[in-house]
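J.: The working numbering runs 1476 ahead of the 1-based position in the sequence shown.
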Amino acid sequence: SENGYRTYTQKHLNELTLLRQARQVGFNLEECGELVNLFNDPRRHSADVKKRTLEKVAEIERHISELQSMRDQLLALAESCPGDDSADCPIIDNLSGCCHHKAQKSR
1477 SENGYRTYTQ
1487 KHLNELTLLR
1497 QARQVGFNLE
1507 ECGELVNLFN
1517 DPRRHSADVK
1527 KRTLEKVAEI
1537 ERHISELQSM
1547 RDQLLALAES
1557 CPGDDSADCP
1567 IIDNLSGCCH
1577 HKAQKSR
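1. Does the Cβ of Ala-1552 have 16 or more other Cβ atoms within 10 Å, making it buried, or fewer, making it exposed?
2. Can you name, in chain order, every residue of its own chain whose Cβ lies under 8 angstroms from the Cβ of Tyr-1484, other than the five neighbours on each side?
3. Which value, in whole angstroms, describes the spacing of the CA atoms of Arg-1520 and Arg-1482?
4. Decide if Ala-1498 is buried, meaning its Cβ has at least 16 other Cβ atoms within 10 Å, or exposed.
5. Looking only at its own chain, which residues have a Cβ that is under 7 angstroms from the Cβ of Asp-1440, when we skip the five neighbours before and after it?
6. Measuring only the C-alpha atoms, how far is Asn-1516 from Phe-1503?
7. In three-state DSSP terms, what is Thr-1493?
8. Go ahead and pull the three-state DSSP assignment for Asn-1504.
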């Protein structure tokens, strides 16, 4: 515009809204680009959009499963640790893959 401000069409505003909403539900930038392309394609098929959405859901479910597994492992580690003033720590031993403190004590 004359005053140096950018002007946006309603189409641009709709694209920005789509991008913001898609990011909020977990789509990455590349996936957002695909969604914008579909948004701008008058010949798009809703099946394509649904397919990408269900792929994202499956990805999120895999991530949730991985996080739950990590949580379970951490809880098991915490359960194995007395959490007292001793330097011996089963959590450190387990995470380091050795029994460093026990090996030093037996010397």
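Don't be surprised by glycine CBs; every beta carbon is placed ideally from N, CA and C.
These figures come from a predicted structure and were not determined experimentally.
T.: Reading from the atomic positions:
1. Ala-1552 is exposed by the Cβ-count criterion.
2. Leu-1492
3. Looking at the two C-alpha atoms, the distance is approximately 29 angstroms.
4. Residue environment for Ala-1498: buried (at least 16 other C-beta atoms within 10 angstroms of its C-beta).
5. This structure cannot speak to residue 1440, because the chain is shown only from 1477 to 1583.
6. A straight line joining the alpha-carbon of Asn-1516 with that of Phe-1503 spans about 17 angstroms.
7. helix
8. Residue state for Asn-1504 is assigned as coil, using DSSP reduced to three classes.
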